[in-house]
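Asks: Here's a structure for you.
Numbering (the numbering used here), first residue to last: 1 to 238.
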């Protein structure tokens with residue numbers, strides 16, 4: 001899981017460094033080539049876990065089954081993850097444009113994603129260690145409260161302050177990292193290994209609607225506010 005955030009640090013730096021020298025198109029090709037090579041290496045090195053027995057999964061075990069949502073605990077968790085995803089991508093997508101709109105240099109806005117992913121790197125595995133001791137759902141609650149604090153206490157009053165925006169990016173990256181690593185584990189607490197595909201696909205069929213609509217709604221709020229980010233941040237944080 002932490003590998004994704006590490007890529008989120010490296011690839012923007014590559015794009016920033018090569019963009020002016022070889023152009024956007026060739027920079028994209030370089031990144032694509034690196035990605036293909038890494039994926040091929042991963043496919044070659046990947047091995048099944050010891051004791052794994054290959055079998056064909058039945059269709060009913062991988063397709064969404066919305067009867068699962070009749071279980072109150074699963075329903076509540078799905079609703080919670082929906083709202084997490086609704087706000088999470090707003091911070092991720094708009095941090096760079098916020099920096100540009102507030103005149104934070106020419107290069108620094110593009111590095112905000114780097115700072116966010118740098119915070120996400122430990123945020124994807126440290127909460128997992130805490131979750132093993134205190135519980136997955138409890139840890140998710142704490143880290144998402146920290147996301148809200150980062151949004152409303154650091155980002156909202158930042159008013160374009162460079163240090164405050166960088167601090168927000170790192171703190172939000174760390175706190176939101178658990179959304180990537182712990183949500184699948186939380187889903188697994190409600191089902192057996194054999195039923196995991198069915199539960200996960202059901203939960204994320206619903207959650208995907210939050211991920212799909214959050215950023216456009218935030219963009220509409222931004223447009224209605226004449227470019228002021230106050231309403232957008234409130235939407236994402238609340």
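For every residue, glycine included, the Cβ atom is placed at its ideal position computed from N, Cα and C. Treat the numbers as computed from the prediction; the structure is a model and nothing was measured.
Ignore the nearest five residues each way along the sequence and tell me which others in residue 176's own chain have a CB closer than 6 Å to its CB.
Replies: 88 and 147
Asks: Let me make sure I understand the geometry here. Which of 102, 96, 170 and 183 has the alpha-carbon closest to that of residue 138?
Replies: 183
Asks: Can you tell me whether residue 94 is helix, strand or coil according to DSSP?
Replies: helix
Asks: Alpha carbon to alpha carbon, how far is residue 202 from residue 213? Give it in angstroms, no decimals.
Replies: 18 Å
Asks: Along the chain, where does the alpha helix (DSSP H) that runs through residue 149 open and close?
Replies: 136-149
Asks: Please name the residue, chosen from 8, 86 and 185, that lies closest to residue 132 on a Cα-to-Cα basis.
Replies: 185
Asks: How big is the Cα-Cα spacing for residue 95 and residue 169?
Replies: One C-alpha to the other measures close to 8 Å.
Asks: Is there contact here, the region 160-167 with the region 104-112, by at least three beta-carbon pairs under 8 Å?
Replies: yes
Asks: Start and end of the alpha helix (DSSP H) containing residue 170?
Replies: 162-181
Asks: Quick check: the region 224-231 against the region 60-80, are there 3 or more CB pairs under 8 Å?
Replies: Output reads no: the region 60-80 does not touch the region 224-231.
Asks: When you compare only the Cα positions, how much space is there between residue 150 and residue 211?
Replies: 20 Å
Asks: Work out the CA separation of residue 107 and residue 20 for me, nearest whole Å.
Replies: 12 Å
Asks: Have a look at residue 239 and residue 161 and give me their C-alpha separation to the nearest angstrom.
Replies: Nothing can be reported for residue 239, as the shown portion of the chain is limited to 1 through 238.
Asks: Exposed or buried, residue 134, counting other C-beta atoms within 10 Å across all chains shown (16 or more means buried)?
Replies: exposed
Asks: Just the Cα atoms here: how many angstroms apart are residue 47 and residue 157?
Replies: 49 Å
Asks: When the Cα atoms are used, what is the spatial distance from residue 102 to residue 219?
Replies: For residue 102 and residue 219, the distance between alpha carbons rounds to 16 Å.
Asks: Anyone know if the C-beta pair for residue 5 and residue 124 falls short of 8 Å?
Replies: yes
Asks: Going straight from the alpha carbon of residue 136 to that of residue 24, what length do you get?
Replies: 41 Å
Asks: Candidates 68, 117, 237 and 90: which alpha carbon is nearest residue 188's?
Replies: 68
Asks: So what does DSSP say about residue 190, is it helix, strand or coil?
Replies: Coil at residue 190, not helix or strand.
Asks: Within 10 angstroms of its Cβ, does residue 223 collect 16 or more other Cβ (buried), or is it exposed?
Replies: exposed
Asks: By the three-class DSSP mapping on this structure, what secondary structure does residue 238 have?
Replies: coil
Asks: Residues in its own chain within less than 7 Å of residue 73 by CB, not counting five upstream and five downstream?
Replies: 190
Asks: Quick one: is residue 118 buried, meaning 16 or more other Cβ sit within 10 Å of its Cβ, or exposed?
Replies: buried
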